[in-house]
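Q: In this text, residue positions in the sequence shown follow the working numbering: the first is 1262, and each later residue adds one.
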Amino acid sequence: MPYLEVDNVFKSYGPIKALRGVTFNVNKGEYLCILGPTGAGKTTLLKIIAGLLKPDKGKVYLEGEDITNLPPEERGIVYMPQGYALFPHLTVWENVAYGVLTRGLPLKRAEKALKAVGLFHRRNSYPHELSGGQQQRVALARALASGSKILLLDEPLSALDLLLNIQLRYELRKYAKNLGLTVIHVTHNAEEAMSIADRLLVLNKGKIEQIGKPEDVYLHPKSAFVASFLSDVVMFRAILIKRMNDSCIFKINNLGNMLIKCSNPPDKRVLIAIRPEDIKMDLTKKHPLNTFKGIVENVEFEGIKTRVTVRINEHTFFIDLMFVERVPLRRGSQVFVHIPPDKPLIFPLHDEMKLKELISR
Ligand code: ATP
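Structure, rendered in structure tokens:
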């Protein structure tokens, strides 16, 4: 039996349909990340699970029991909202210890949680003496120490700088796993979600686009929306001109023909997506097929990788070169871009609508 079940949940605010038939399960001890753009319905979903909002339709079950109409305080679920609220007149220690004591739990939990977020040494400070990121970590410690078996975290790491965000992702997961907590963590940061989650749920406009292990969702996105939300894919419209055994040749306007491995017969008109790390680039032409001549528009050194922007006619390619594959490049250099036939992803053309909405947000 699943631990938590969300069954066909709908929620509207007047004319705005925030959730449109959302169904998924969470297993005991699982770390689920809900990922989606702004307005996708992520917070609404958390509030319904927490009992702070009633769905218009659908049910929420906890260990098989229907909790849809149970008040929040009787659910044993802790909800940490976006923009956390600490008691301003209590110290860091008192803020974290308060919930622990009122639930009759050992104070050691507060100490462990504060150590996990790296703020035990600031236990005597007041919230106004801390930075925004530190306040967020205190709120996180309070949620972690609460003794609840289910934690609902709404953008818990969003106020942190990148380094701290990365460090705390690891700590947060470790702490949740050590305590056997079930966590639903909402974020719009794909990298954060993929690195922390056991499973990823991609929400868009109140509907689930895909749910699965991060690597499966990343490698096998079910829609162009998921592909472009998880990575800076290059996307083209293409027309199928020939199909052979397990390969297809597509024509792409202002680029040329591209051979792509295709196991299922694709539509005549499709969208083709290619991830930046799947594109090869060189100063000379090394492959007779799928190689296109372009001009380097930009080179961004990002440490372990370099992001190169190459223009080929009207198309812009983002290419990620790992440090070891570095090629001496400058803006204006002529390069050859190669697309290995097994790398592109093929989606139906109607997926384009959702992409336009994503870009226009
Ligand atoms: P964000 O990442 O920006 O926090 P979200 O994915 O959490 O977004 P929700 O906050 O759940 O999305 O909102 C979903 C939709 O419902 C949005 O269009 C939002 O404007 C709308 N909405 C949310 N709360 C209310 C409300 N109280 N009244 C009216 N509309 C609301």
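Where is the CB? At the ideal position from N, CA and C, for every residue including glycine.
On a predicted model such as this, the values are computed, not experimentally measured, just so you know.
Among residues of its own chain, excluding the 5 on either side of V1624, which ones have a beta-carbon nearer than 6 Å to its beta-carbon?
A: Here the chain covers residues 1262 to 1622 and nothing more, so residue 1624 does not appear.
Q: What does a CB cutoff of less than 8 Å around G1593 pick up in its chain, not counting 5 residues either side in sequence?
A: Residue numbering aside, residue 1593 sits at position 332 when the sequence shown is read from its first letter. So the list reads I1556, V1557, once near-sequence residues are dropped.
Q: Using a Cβ-Cβ cut-off of 8 Å, state whether I1580 counts as contacting chain C.
A: Although the question refers to chain C, the structure presented lacks it and comprises just one protein chain.
Q: Relative to the C-alpha of F1597, which candidate in I1540, P1609, L1606 has its C-alpha closest?
A: Reading the sequence shown from its first residue, position 336 is the one you call residue 1597. Measuring from the Cα of F1597, the nearest candidate turns out to be I1540.
Q: Is DSSP giving G1337 helix, strand or coil here?
A: Locating residue 1337 in the sequence shown gives position 76, counting from the first residue. Three-state result, G1337: coil.
Q: Exposed or buried, what is M1341 when buried is set at 16 or more other beta-carbons lying within 10 Å of its beta-carbon?
A: One-based indexing of the sequence shown puts residue 1341 at position 80. M1341 comes out buried.
Q: Identify the residues that DSSP records as bridge partners of M1505: which are they?
A: Looking up residue 1505 in the sequence shown gives position 244. The partner list for M1505 (beta bridge, DSSP) reads S1508.
Q: Quick check: the stretch 1408 to 1415 against the stretch 1294 to 1312, are there 3 or more CB pairs under 8 Å?
A: Touching, per the Cβ criterion.
Q: Can you have a look at T1305 and say buried or exposed, based on whether 16 or more other CB atoms are within 10 angstroms of its CB?
A: Within the sequence shown, numbered from 1, the residue matching residue 1305 stands at position 44. Looking at its Cβ environment, which holds 16 or more other Cβ atoms inside 10 Å, T1305 is buried.
Q: Based on the DSSP output, what are the partners of S1273 in its beta bridges?
A: Your numbering for residue 1273 matches position 12 in the sequence shown. Answer by DSSP bridge pairing, in chain order: K1278.
Q: Would the beta-carbon of F1271 fall within 8 Å of that of K1303?
A: One-based indexing of the sequence shown puts residue 1271 at position 10. One-based indexing of the sequence shown puts residue 1303 at position 42. No, they are not a contact pair.
Q: Ignoring anything shorter than 3 residues or poking outside the stretch 1576 to 1609, list the beta strand (DSSP E) runs there in chain order.
A: The stretch 1576 to 1609 contains these whole beta strand (DSSP E) runs: 1576 to 1583, 1595 to 1599, 1606 to 1609.
Q: Under 7 Å: does the beta carbon of A1404 sit that close to some heavy atom of the ligand ATP?
A: Here residue 1404 corresponds to residue number 143 of the sequence shown, with the count starting at 1. No, the Cβ of A1404 stays beyond 7 Å of every heavy atom of the ligand ATP.
Q: Report yes if the CB atom of K1468 is closer than 8 Å to the CB atom of G1282, and no otherwise.
A: As a first step, residue 1468 must be located in the sequence shown, where it is residue number 207. As a first step, residue 1282 must be located in the sequence shown, where it is residue number 21. Their beta carbons are under 8 Å apart, which means K1468 touches G1282 by this criterion.
Q: Which residues count as close to the ligand ATP when the rule is a CB under 5 Å from any of its heavy atoms, in chain order?
A: The set, ordered by position in the chain, is Y1274, I1277, A1279, T1299, G1300, A1301, G1302, K1303, T1304, T1305.
Q: Taking a contact to mean a Cβ-Cβ separation below 8 Å, would you say F1381 touches E1372 in this structure?
A: Within the sequence shown, the letter at position 120 stands for residue 1381. Within the sequence shown, the letter at position 111 stands for residue 1372. Yes, these two residues count as a Cβ contact at 8 Å.
Q: From this set, L1501, D1422, P1482, I1502, which residue's C-alpha is nearest V1494's C-alpha?
A: One-based indexing of the sequence shown puts residue 1494 at position 233. Closest by alpha carbon: P1482.
Q: How big is the Cα-Cα spacing for S1273 and Y1292?
A: Position 12 of the sequence shown, counted from the start, is the residue given in the question as residue 1273. Position 31 of the sequence shown, counted from the start, is the residue given in the question as residue 1292. Distance between the alpha carbons of S1273 and Y1292 is about 27 Å.
Q: Along the chain, where does the beta strand (DSSP E) that runs through F1553 open and close?
A: Reading the sequence shown from its first residue, position 292 is the one you call residue 1553. Looking at the DSSP string, the run of the beta strand (DSSP E) that includes F1553 is 1552 to 1563.
Q: By Cβ distance, which residues of its chain are closer than 6 Å to A1454, with the 5 residues on each side in sequence left out?
A: As a first step, residue 1454 is located in the sequence shown; it is residue number 193 there, counting from the start. Only C1294, L1296, T1448, L1461 meet the Cβ criterion.
Q: Whole-angstrom Cβ separation of D1581 and R1572, contact assumed at under 8 Å?
A: Working through the sequence shown from its first residue, we reach residue 1581 at position 320. Working through the sequence shown from its first residue, we reach residue 1572 at position 311. Incorrect: roughly 17 Å between the Cβ atoms, too far for contact.
Q: Decide yes or no for the touch test of the stretch 1524 to 1536 against the stretch 1497 to 1505: beta carbon pairs closer than 8 Å, at least 3 of them.
A: Yes, since at least three Cβ pairs between the stretch 1524 to 1536 and the stretch 1497 to 1505 fall closer than 8 Å, the two stretches touch.
Q: Just tell me which of L1418, I1427, K1466 has its CA closest to the CA of I1277.
A: On the sequence shown, residue 1277 is found 16 positions in, with the first residue counted as 1. Of the listed residues, the one whose Cα sits closest to I1277 is K1466.
Q: Taking 7 Å as the cut-off, is the CB of L1462 close to at least one heavy atom of the ligand MN?
A: Among the ligands present in this structure, namely the ligand ATP, the ligand MN is not found.
Q: Taking the beta carbon of R1370 as the centre, do at least 16 other beta carbons fall within 10 Å, making it buried, or is it exposed?
A: Counted from its first residue, the sequence shown places residue 1370 at position 109. When all chains shown are included, R1370 counts as buried.
Q: Distance check for P1526 and P1601, CA to CA, integer angstroms please.
A: For the purposes of this step, residue 1601 is identified with residue 340 of the sequence shown, where counting begins at 1. For the purposes of this step, residue 1526 is identified with residue 265 of the sequence shown, where counting begins at 1. C-alpha separation (whole angstroms): 19 Å.
Q: According to the neighbour-count rule (16 or more other Cβ atoms, all chains shown, within 10 Å of its Cβ), is T1577 buried or exposed?
A: By 1-based counting over the sequence shown, the position of residue 1577 is 316. When all chains shown are included, T1577 counts as exposed.
Q: By the 10 Å Cβ neighbour count, where 16 or more other Cβ atoms means buried, how is L1606 classified, buried or exposed?
A: Taking the sequence shown and counting its residues from 1, the one referred to as residue 1606 is at position 345. L1606 is buried by the Cβ-count criterion.
Q: Rounded to a whole number of angstroms, what is the C-alpha to C-alpha distance between S1392 and E1452?
A: Within the sequence shown, numbered from 1, the residue matching residue 1392 stands at position 131. Within the sequence shown, numbered from 1, the residue matching residue 1452 stands at position 191. Each residue's Cα considered, the two are about 24 Å apart.
Q: Grouping DSSP H, G and I as helix and E and B as strand, with all else coil, what is H1611?
A: Taking the first residue of the sequence shown as 1, we reach residue 1611 at position 350. In the structure shown, H1611 sits in a helix (DSSP, three-state: H, G or I).
Q: Going straight from the alpha carbon of E1613 to that of A1485, what length do you get?
A: As a working note, residue 1613 is residue 352 in the sequence shown. As a working note, residue 1485 is residue 224 in the sequence shown. Approximately 7 Å, taken between the alpha carbons.
Q: Which residues in the same chain as L1347 place their Cβ atom closer than 7 Å to its Cβ, once the five residues preceding and following it in sequence are excluded?
A: Locating residue 1347 in the sequence shown gives position 86, counting from the first residue. The answer, listed in chain order, is N1356, P1388, Q1396, V1399, A1400.
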